[in-house]
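Numbering (the working numbering), first residue to last: 118 to 347. See below for the structure under consideration.
Have a look at this one:
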């Protein structure tokens with residue numbers, strides 16, 4: 118892969134939000150009509166319209182699904198942020214499920230105000246996709262990575278390096294959607310999946326990888342380079 122052809126793409130709403138946005142809009146319109154017709158004063162209507170208009174706007178923002186293109190000609194060895202959010206972990210950990218050795222883990226926490234689409238962090242081929250049921254601890258807690266419901270996607274780069282990307286449900290999130298399929302080729306810029314309402318994504322890299330982000334740094338999915346593979 119490495120060398121890439123950039124395409125002009127547009128922002129859109131994620132299909133995962135179609136039902137939520139549509140039925141919420143119908144309910145809000147119905148309540149608004151009732152308030153408008155039931156009271157001589159329009160204060161109840163406008164109070165409702167302002168408060169729930171803001172809430173609906175937040176939910177609308179949450180379901181944005183920008184189709185992004187990393188403006189880099191050669192992506193060999195690059196690891197990009199798989200999600201919008203904030204870096205909450207940069208540390209070496211023991212990974213005993215797949216690698217059985219120490220790995221560099223970089224974790225990104227997504228708040229309710231972030232886009233919740235996820236991107237592939239590296240170019241390569243998907244070698245494993247596995248969903249694991251679990252708890253719903255707050256996503257930024259260390260134990261969330263192993264104990265919470267999560268979906269694992271293993272990617273092997275063209276250079277033979279294995280990278281694990283883990284989608285983790287949080288205290289509010291109740292649905293992890295993974296589009297990755299075992300055996301398929303994947304590229305930076307492609308959507309890996311989606312997590313509803315507050316969550317986290319971990320990336321496990323070989324020791325010696327060059328870290329390009331710091332704790333607390335905000336990331337933009339598919340745009341922020343978080344590491345370089347050796």
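We treat Cβ as the ideally placed atom computed from N, Cα and C, and that holds for glycine. Quick caveat: nothing in here was measured; it's all calculated off a predicted structure.
Inter-residue Cα distance where the pair is residue 122 and residue 339: At residue 122, the pLDDT of 43 sits below 50, so the modelled position is not reliable; the number obtained from the coordinates is stated separately. The straight-line gap from Cα to Cα measures roughly 15 Å.
Residue 173 - DSSP class collapsed to helix/strand/coil: helix
Within 8 Å, strictly: CB atoms of residue 318 and residue 161: no
Closest by C-alpha distance to residue 327, when choosing among 173, 208, 168, 241: 208
Residue 310 - DSSP class collapsed to helix/strand/coil: Strand, per DSSP.
Residue 139 burial status per 10 Å Cβ neighbour count (16 or more: buried): exposed
Alpha-carbon to alpha-carbon, residue 169 and residue 177: 12 Å
Backbone CA spacing between residue 224 and residue 204 [nearest angstrom]: Going from the Cα of residue 224 to the Cα of residue 204 covers about 6 Å.
Through-space distance from residue 344 to residue 329, alpha-carbon basis: The straight-line gap from Cα to Cα measures roughly 5 Å.
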